[in-house]
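The listed protein sequences derive, respectively, from chains A and B.
All residue numbers for the first sequence refer to my numbering, where the first residue is 1 and numbers rise by one.
All residue numbers for the second sequence refer to my numbering, where the first residue is 561 and numbers rise by one.
Idealized CB from N, CA, C, for every residue including glycine.
As the structure is a prediction and not an experimental result, all values here were calculated from the model.
Remarks on the structure that follows.
2 protein chains.
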Amino acid sequence: MSPNLLLLLLLLLMFFSLSITSSLSSPSPADSPPYLWPLPAEFSFGNETLSVDPAVALIVAGHGGGSPIVRAAFERYMGMIFKHASGRASLLARIRFLRMVEYDITSLKIVVHSGSEELQLGVDESYTLMVSKKDEQSIVGAVTIEANTVYGALRGLETFSQLCAFDYLTQSVQIYKAPWYIQDKPRFQYRGLLIDTSRHYLPIDVIKQIIESMSFAKLNVLHWHIVDEQSFPLETPTYPNLWKGAYSRWERYTVEDASEIVRFAKMRGINVMPEVDVPGHAESWGTGYPDLWPSLSCREPLDVTKNFTFDVISGILAGLLQNKLILRSGKKLLDMRKIFPFELFHLGGDEVNTDCWKNTTHVKEWLQGRNFTTKDAYKYFVLRAQQIAISKNWTPVNWEETFSSFGKYLDPRTVVHNWLVSDICQKAVAKGFRCIFSNQGYWYLDHLDVPWDEVYNTEPLHGINETSHQKLVIGGEVCMWGETADTSVVLQTIWPRAAAAAERMWSTREAVSKGNITLTALPRLHYFRCLLNNRGVPAAPVDNFYARRPPSGPGSCYAQ
Amino acid sequence: MSPNLLLLLLLLLMFFSLSITSSLSSPSPADSPPYLWPLPAEFSFGNETLSVDPAVALIVAGHGGGSPIVRAAFERYMGMIFKHASGRASLLARIRFLRMVEYDITSLKIVVHSGSEELQLGVDESYTLMVSKKDEQSIVGAVTIEANTVYGALRGLETFSQLCAFDYLTQSVQIYKAPWYIQDKPRFQYRGLLIDTSRHYLPIDVIKQIIESMSFAKLNVLHWHIVDEQSFPLETPTYPNLWKGAYSRWERYTVEDASEIVRFAKMRGINVMPEVDVPGHAESWGTGYPDLWPSLSCREPLDVTKNFTFDVISGILAGLLQNKLILRSGKKLLDMRKIFPFELFHLGGDEVNTDCWKNTTHVKEWLQGRNFTTKDAYKYFVLRAQQIAISKNWTPVNWEETFSSFGKYLDPRTVVHNWLVSDICQKAVAKGFRCIFSNQGYWYLDHLDVPWDEVYNTEPLHGINETSHQKLVIGGEVCMWGETADTSVVLQTIWPRAAAAAERMWSTREAVSKGNITLTALPRLHYFRCLLNNRGVPAAPVDNFYARRPPSGPGSCYAQ
């Protein structure tokens, strides 16, 4: 038995003896604050109220404790927790220095066992959080977060921040119902949110706001649907005319912008999965390279007949650049594989209408020459694109139509992305594929008439009963398609409903499936929406039937 | 002649000889970027394109040049300008160090003549901004901002930031149409935005987002309508039960929060004018002190008969505190006059329905005893409240009903705040009062059916022809009433229409009144809305007939 395990057992015993209303095995419904969202896998609490020192010290341990990711997250969360005290080094801290005030909690210990900062699918996000009164006898500090990876520590910090509440009467940050013992981990390894920067360009600062807000709900994949038929905003060093398909000269992302977004997300434990959707949804490619269009009257799907089409796809995925100018001089090499280190790359493949291929002479001849139906050509295109991604060490993700149309030909590593048919994951995992669940009836956030409870009650494993099959559902994703959501409304269309899916994907199936969710989840969701508001995220009222409707009259955040 | 003036003249001569399309006296319509908003008072430009060094050096001069306000603003603006280059100390800066790139503009000189940081009504916000290619012969740097106060320097920095555009092809920040010579100052000294934290609580971070966005449009007064009948969120140390009228224990502002908001605003050259609206719009006061209600069935207006009512008003305005607990111990003294240093304090006085005074026995008797009509009592209340504010060295502001009802009794220092009747400023200034213009038909932002051009074409001086009268209109204010605007929608209800009013109030009357605004203003407003989006502010599409409507389909920010 490792010293850590021993320590944990000792602490467990200690907490059980202290806890007044211990409920480790049966999470209590949200009867009073603190309201945690998403609900941790296991937790127990007591009945004490503890004050937290605004100058709380960070103590780190373990191979990963000293990571800058941990330090930066600690500083971020201290800023959120001590917002009302005008910063940690304020008057309050000075008063404490004069020994006028004694706090119950004066240090936060973060133990991270692994020194690796690699953020990949299935990274260990588990953590243990212990909060108790400082005790001279105690061998640990008052608050301890223990995790195998820095990303587990980030999740623990988020939970800790939700335990902290500013009490306006004493004007101090307090933790209610201590001591707390929380042992937590996600149910699904992939908990995504799609954004769509083709239908409307989203500025970098807005993408960062979205990423930051995702971390509050413990979502961990930003599915970046970069390109679609309307615009091509991303710089592609190998084919520099592609972003001529942007809406304007200003609505673009440089390769450095993409890197910065990935870096910003990683600091919050969030992977970025890019999507380049082929062969449909790609008309904008031809603005820069008209040869990619079968003809001027057939601009989509991309021309399946030309090697040039696949050279461009390969060029996008490679991104190797020999002569890119920086500031009118200088050279650099950029490898898209390094810019997007997440193993998954989404190749789209949805809604491919091949009618105009049939009506374009050279494509028609090519089909006849190969004895291909248009469906064969669609398959040929998708499989060839898959091989390009695989050759560059990516795992391909495709929308479900590829599986429905020619599933047995897909590379077995393919992750099938559900959106259209409710039982497609059931079918895909039965064939051994991994699957991401995004049932459009409930998890498409641009469907404004889906209230929070329908989002919440949508279960990715519905109808999938064998454990081996369940394991192949790597998770789910809510999709914020951009046709009617630009910068002005994107965050309030995402929140609070994305949070409903986030709890479904993080918390235990038992916790989110039983009881009356009006009692077990709704009060906590109200509270979480207000927490988002307090952190500057314009989450919409929870009770609106139509998403993002403004409130109809005056009132409290907590009752909307 | 001072050395500075001499220098200015020399530079002027130099610029005139350089400028290709100089148009100092006749501002050109927005034919191409850079699009400045609001339009400066006087400007000329040329036809050169200059690159700006991401490591641009700040050089300060003058008594106020070393102000931390200037330094902090410089850092903020550099962050906005060089967003796409991953920060100023990035790869690009290193490349420059290796002398691979030479920039045209490598330094920004800020000259501030006055060392005073006092921010009051009428503070000098004028500035001169000169941008030209670095010249070995030149005695000044490539960019110079010269201002009498730090607040003028802030306005100049905003204008400079709008001249800078990230060019995606060269991947550098460029200034088009240089050399620039801009001499600028506001038309009105008071350019306000009202927020309402009673109908919906706005978290501190959201108020900060609003303040930050105001500075982009050169607005300079946040009118904080703190309290109303629905909730009383502000801590009042002298009457600690008042904020029991908050919506919840979390929807509150401490005195420190208020201080922090004022400090944050000052750093951006924005004054905060608090409003405590009496005697109507005050029902929430009685939650903590039911004696303030005439009776349980008459909760508004406040009880005019009791000295206690005026003691509470005096207590709110004093804020002196003898025994306030901080963190369960310690004492502090807080003076509201120091927390809100702006000379104006808004006492409301609007929409006072005195019917229930008449139906409350003790009030009725009090009226009879003094031979007062209810209108007399309303006058008595407002005047007594004014004297309390004046005794604490504030200048009272009152909504126009006080002027309409008993104007000749108002303290002559009173600033009359228009909202209801379109010619009230005309009447008020004729009587020698100062006036703030907020015509509700056009400048109430909660009226969603007023498109941008109607906001833009609303002229505060309409019908006021004598210069001495015009001078008494200190400015105007757009009002973001909170009944249907909470955190989830407040910013997109404010923007972009508040910008239309901001230009009306900043730029010369001639510039905003002549020509076809679809040509002279609309392209620049589109651009400004996208600038707000790029800075993370969710400004709504400009072309929507109804404010804050999301876009109806895919498209570019610049064409919505």
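Rounded to the nearest whole angstrom, the C-alpha separation of A/Tyr-127 and A/Gln-171 is 30 Å.
By the criterion of a C-beta distance shorter than 8 Å, A/Val-542 is surrounded in its chain by Trp-452, Pro-496, Leu-522, Leu-525, His-526, Arg-529, Gln-560, once the five residues flanking it on both sides are discounted. For B/Glu-1070, no chain A residue has a C-beta closer than 9 Å to its own C-beta; the minimum C-beta separation is roughly 30 Å. A/Tyr-127 has A/Ala-147, A/Asp-184 as its beta-bridge partners, per DSSP.
For A/Val-490, the closest alpha carbon among the candidates A/Ile-195, A/Arg-384, A/Gln-386, A/Gly-432 is that of A/Ile-195.
DSSP places A/Val-397 within a strand segment (E or B) once states are collapsed to three. Contact annotation for B/Tyr-1118 against chain A: Tyr-247, Ser-248, Trp-250, Glu-251 [CB-CB distance below 9 Å, chain order].
Listed along chain B, the residues sitting closer than 8 Å to A/His-84 by beta-carbon distance are Ile-764, Thr-814, Glu-816, Asp-817. For the pair A/Ala-428 and A/Ile-388, the Cα-to-Cα distance works out to about 22 Å. A straight line joining the alpha-carbon of A/Leu-121 with that of A/Gly-152 spans about 13 Å. When DSSP assignments are scanned along the stretch 40-87 of chain A, the uninterrupted stretches of alpha helix (DSSP H) that are 4 or more residues long and fall wholly within it turn out to be 68-81. Against chain A, a Cβ distance below 7 Å from B/Arg-759 picks out Pro-554. Going by C-alpha positions, A/Asp-277 is about 13 Å away from A/Leu-383. Under the three-state reduction of DSSP output, A/Asn-307 falls in the helix class.
A check of alpha carbon separations from B/Ser-1048 across B/Ser-692, B/Tyr-736, B/Gln-769 identifies B/Gln-769 as the nearest. Under the DSSP definition of a beta bridge, A/Arg-434 partners with A/Val-415. Straight-line measurement puts the Cα of A/Cys-557 at about 7 Å from the Cα of B/Tyr-761. Taking a C-beta cut-off of 7 Å against chain B, none of the residues of the stretch 175-198 of chain A qualify. With its beta carbon at least 8 Å from every one in chain A, B/Val-1102 lies outside the interface. Taking a Cβ-Cβ threshold of 7 Å, none of the residues of chain B is close to A/Asp-350; the smallest such distance is about 17 Å. Excluding the 5 residues flanking it on each side, B/Asp-613 has same chain C-beta neighbours closer than 7 Å at Arg-656, Tyr-663, Ile-665, Thr-666, in chain order. The beta carbon of B/Ile-1024 lies closer than 8 Å to those of Cys-985, Gln-986, Val-989, Gln-1030, Val-1033 in the same chain, with the five residues before and after it left out. Boundaries of the alpha helix (DSSP H) harbouring B/Ala-937: 934-951, taken from the DSSP string. Under the 8 Å Cβ criterion, the stretch 258-272 of chain A does not count as touching the stretch 307-315 of chain A, having fewer than three qualifying pairs.
For B/Cys-1039, the enclosing beta strand (DSSP E) stretches over residues 1033-1040. If you draw a straight line from the Cα of A/Ala-485 to the Cα of B/Pro-1110, it comes to about 6 Å. Proximity of A/Ala-539 to chain B, defined by a Cβ-Cβ separation below 8 Å, is satisfied. By a beta-carbon distance limit of 8 Å, B/Ser-857 does not contact B/Leu-1092. Their separation comes to about 47 Å.
The beta-carbon of A/Glu-283 is placed no less than 8 Å from the nearest beta-carbon of chain B. If you check each beta-carbon in the stretch 149-164 of chain A against every beta-carbon of chain B, none falls closer than 9 Å.
Around the beta carbon of A/Thr-305, a 10 Å sphere encloses 16 or more other beta carbons of the protein chains shown; the residue is thus reported as buried. The beta-carbon separation of A/His-223 and A/Ser-198, rounded to 13 Å, does not stay under the 8 Å limit for a contact.
Neighbours of A/Arg-535 in chain B, taken as residues whose beta carbon is under 9 Å from its own, are Pro-763, Asp-765 in chain order. Taking all protein chains shown into account, A/Thr-361 has fewer than 16 neighbouring C-beta atoms within 10 Å of its C-beta and is therefore exposed. The alpha-carbon of B/Ala-621 is positioned some 11 Å away from that of B/Asn-708. For B/Asp-788, DSSP records no beta bridge to any residue.
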